[in-house]
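This report refers to the structure that appears directly beneath it.
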Amino acid sequence: MNPRERSAPSDQDSKQPAARVALTVVTFAVLLITTCLVSGRWTYHLVPDTASYLQYSFSPASASAKEIRTPVYPVVLRLFQWISPNQSVALQLVALNQILLHAVASAAFFIELRNWQITPRISLAIAATVAVGCTFWDNVSTIATDCPAMSLGVLCSVLVLSGWRRSFSTYRIAMLGACIVLAVGLRPAYLFLIPWAGASALVRPSNAIPTLLPRRLRDAALIVAIPVVTVLGWCVFRYSTAGDFSILPFGHQNMAAVTTQLLDNDELKSIPGRVGELASEIADLRVAVSQGKAASDETLPPGTRLPSADGLDLRTSRDPALRAESFMALENRWDAMTYLVV
Numbered sequence: 001m002n003p004r005e006r007s008a009p010s011d012q013d014s015k016q017p018a019a020r021v022a023l024t025v026v027t028f029a030v031l032l033i034t035t036c037l038v039s040g041r042w043t044y045h046l047v048p049d050t051a052s053y054l055q056y057s058f059s060p061a062s063a064s065a066k067e068i069r070t071p072v073y074p075v076v077l078r079l080f081q082w083i084s085p086n087q088s089v090a091l092q093l094v095a096l097n098q099i100l101l102h103a104v105a106s107a108a109f110f111i112e113l114r115n116w117q118i119t120p121r122i123s124l125a126i127a128a129t130v131a132v133g134c135t136f137w138d139n140v141s142t143i144a145t146d147c148p149a150m151s152l153g154v155l156c157s158v159l160v161l162s163g164w165r166r167s168f169s170t171y172r173i174a175m176l177g178a179c180i181v182l183a184v185g186l187r188p189a190y191l192f193l194i195p196w197a198g199a200s201a202l203v204r205p206s207n208a209i210p211t212l213l214p215r216r217l218r219d220a221a222l223i224v225a226i227p228v229v230t231v232l233g234w235c236v237f238r239y240s241t242a243g244d245f246s247i248l249p250f251g252h253q254n255m256a257a258v259t260t261q262l263l264d265n266d267e268l269k270s271i272p273g274r275v276g277e278l279a280s281e282i283a284d285l286r287v288a289v290s291q292g293k294a295a296s297d298e299t300l301p302p303g304t305r306l307p308s309a310d311g312l313d314l315r316t317s318r319d320p321a322l323r324a325e326s327f328m329a330l331e332n333r334w335d336a337m338t339y340l341v342v
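If you read the sequence shown in the working numbering, its first letter stands for residue 1, the second for the next number, and so on.
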């Protein structure tokens with residue numbers, strides 16, 4: 001028998017009984033909840049990003065447009081706060097639902113691998129790796145978007161695999177587009193899913209269901225159109241209310257943190273114009289934060305003194321310790337630059 005014929009999944013083989021699907025999802029949910037309970041990842045915890053989600057302003061529209069976050073996660077938090085007796089219960093429910101969302105994504109991935117006639121042992125090994133990967137391990141109980149966005153990314157992969165196997169029906173295209181929109185809405189870094197999904201509709205494995213090029217082009221165009229139209233609509237909304245045609249202003253902050261930590265103070269102060277004014281202020285604040293004298297993080301009380309941040313004082317100096325030119329020094333001062341200076 002031709003190996004390609006043997007490995008090609010059939011539509012008949014892919015029909016999983018509803019009870020088996022439900023059992024798989026419940027099994028993954030129980031395993032992940034147990035993992036979180038025994039590893040200290042059950043109770044929610046706050047991170048520097050949390051405040052900007054909890055304090056998101058929905059009204060007026062101009063205030064929402066100027067926020068440094070997209071509204072999807074703040075809406076989720078607001079919903080759970082609305083149905084809960086207090087914020088602590090609401091945030092614990094958020095953490096629980098992040099665990100359950102990832103359980104659903106991991107179970108769906110396992111089921112789809114089995115539909116491709118991959119052995120149960122290998123399918124389980126792959127799905128388990130996805131289930132307890134580094135993003136889950138580090139972020140599943142944090143009140144931030146890292147884990148839920150990743151779970152939606154896994155669901156996008158499942159839908160692409162299903163589309164290769166059984167064709168991209170209108171339902172699958174709509175579901176894939178919706179998952180991409182939600183992933184980007186949670187975490188704009190997932191914009192890469194848009195070109196990836198389009199390319200996946202065009203370029204398919206040899207044992208996928210045979211599809212002519214015109215149909216592939218149509219599938220790719222529809223898949224890409226849903227998130228692109230949504231993202232452009234959001235950008236137009238922000239431009240009309242805040243005068244900024246972009247998804248968020250937060251990306252500028254990250255870029256500033258990346259660039260300014262590579263420049264000495266004298267280089268920052270030599271930049272002309274309005275950008276130079278901001279650069280000079282960053283240069284001065286950078287020195288203050290390095291000495292533990294200032295904190296601009298909105299999650300900390302005003303005037304909070306902090307431990308000195310190694311390598312953050314970049315005034316011109318012959319002292320290698322102050323110059324902090326090693327890669328690890330750059331890595332270690334990332335949080336301080338992002339949250340306390342810029």
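For every residue, glycine included, the Cβ atom is placed at its ideal position computed from N, Cα and C.
Given the structure is predicted, the values throughout are model-derived calculations rather than measurements.
Here's the rule I'm using: 16 or more other beta-carbon atoms within 10 Å means buried, otherwise exposed. How should residue i be labelled?
i    : result
A149 : buried
A295 : Reliability fails at A295, whose pLDDT of 49 lies under 50, so the model's placement of it is uncertain and the value that follows must be treated cautiously. Answer is buried; the Cβ neighbour count reaches 16.
N86  : exposed
I122 : exposed
M1   : Any reading at M1 is ruled out, since the residue's pLDDT is 40, under 50, leaving its predicted position unreliable.
E67  : buried
L82  : First, the residue type needs correcting, since residue 82 is Trp and not Leu in the sequence shown. With fewer than 16 other Cβ atoms within 10 Å, it is exposed.
L232 : exposed
G177 : buried
L152 : buried
V25  : buried
L212 : exposed
V289 : buried
R4   : Its pLDDT being 44, under 50, R4 is placed unreliably in this model, and the value from its coordinates should be taken loosely. Exposed, because fewer than 16 other Cβ atoms sit within 10 Å of the Cβ of R4.
Rounded to whole angstroms, what is the Cα-Cα separation between residue i and residue j?
i    : j    : result
N97  : V130 : 17 Å
R165 : C235 : 35 Å
G409 : W137 : Residue 409 lies beyond the residue range present for the chain, which begins at 1 and ends at 342; the question has no answer from this structure.
T145 : I33  : 19 Å
G133 : S246 : 31 Å
L100 : A51  : 23 Å
I173 : R204 : 15 Å
S308 : A279 : Residue confidence for S308 is low, a pLDDT of 48 falling below 50, so the modelled location carries little weight and cannot support an answer.
C135 : S141 : Note on identity: in this sequence residue 135 is Thr, with Cys being the wrong assignment. One C-alpha to the other measures close to 11 Å.
A65  : K269 : 31 Å
P74  : R238 : 17 Å
L159 : V30  : 24 Å
R114 : P188 : 31 Å
E298 : G163 : For E298, the predicted model reports a pLDDT of 49, less than 50, meaning its position is unreliable and no value from the coordinates is stated.
Y171 : V154 : 18 Å
L23  : P120 : 15 Å
A127 : V72  : 27 Å
E277 : L263 : 15 Å
C36  : I282 : 40 Å
A18  : S84  : 32 Å
P48  : L91  : 15 Å
G273 : D244 : 20 Å
M175 : S169 : 10 Å
V275 : A242 : 20 Å
D284 : Y53  : 29 Å
L89  : I271 : According to the sequence shown, residue 89 is Val rather than Leu. Those two C-alpha atoms are separated by around 49 Å.
L161 : L124 : 16 Å
N139 : V38  : 16 Å
S240 : E267 : 36 Å
R6   : S206 : In this prediction, R6 has a pLDDT of 42, which is less than 50 and means its spatial position is unreliable; what the coordinates show is noted afterwards. R6 and S206: Cα-Cα distance of roughly 12 Å.
Give me the residue from the options with the minimum Cα distance to residue i.
i    : options                : result
G185 : L155, T34, R286, R69   : R69
Q55  : L32, C36, S162, L77    : L77
P210 : H102, G243, G153, S167 : S167
F80  : S240, I271, I143, R286 : I143
A345 : P249, L268, G273       : Since the displayed the chain opens at 1 and closes at 342, residue 345 lies outside it and no answer follows.
R286 : V158, A128, N265       : N265
S344 : V38, F192, P71         : For the chain, the structure presents residues 1 to 342; residue 344 sits outside this window and is missing.
R215 : L155, L202, L263, I126 : L202
Q117 : R274, A208, A19, L262  : A208
A103 : S240, L161, V21        : V21
T27  : I111, Y190, V38        : I111
C147 : A125, V38, Y190, S206  : Y190
Going by DSSP, name the residue or residues bridged to residue i.
i    : result
T142 : H45
Can you determine whether any heavy atom of the ligand ADP sits closer than 8 Å to the C-beta of residue i, and answer yes or no?
i   : result
V30 : The ligand ADP is absent from the structure shown, which contains no ligands of any kind.
Contact between the segment 56–63 and the segment 105–114 is defined here as three or more beta-carbon pairs at a separation below 8 Å; is this criterion met?
No, the segment 56–63 is not in contact with the segment 105–114.
At a cut of 8 Å, does the segment 78–97 reach the segment 26–46 through at least three beta carbon pairs?
Because the criterion of three Cβ pairs below 8 Å is met, the segment 78–97 and the segment 26–46 touch.
Do the segment 165–185 and the segment 213–230 make contact, defined as three or more Cβ pairs closer than 8 Å?
Contact holds: three or more Cβ-Cβ distances are below 8 Å.
With a threshold of 8 Å, are at least 3 pairs of Cβ atoms found where one atom belongs to the segment 184–200 and the other to the segment 214–225?
A contact is defined here as three or more CB-CB pairs under 8 Å, and the segment 184–200 meets this definition with respect to the segment 214–225.
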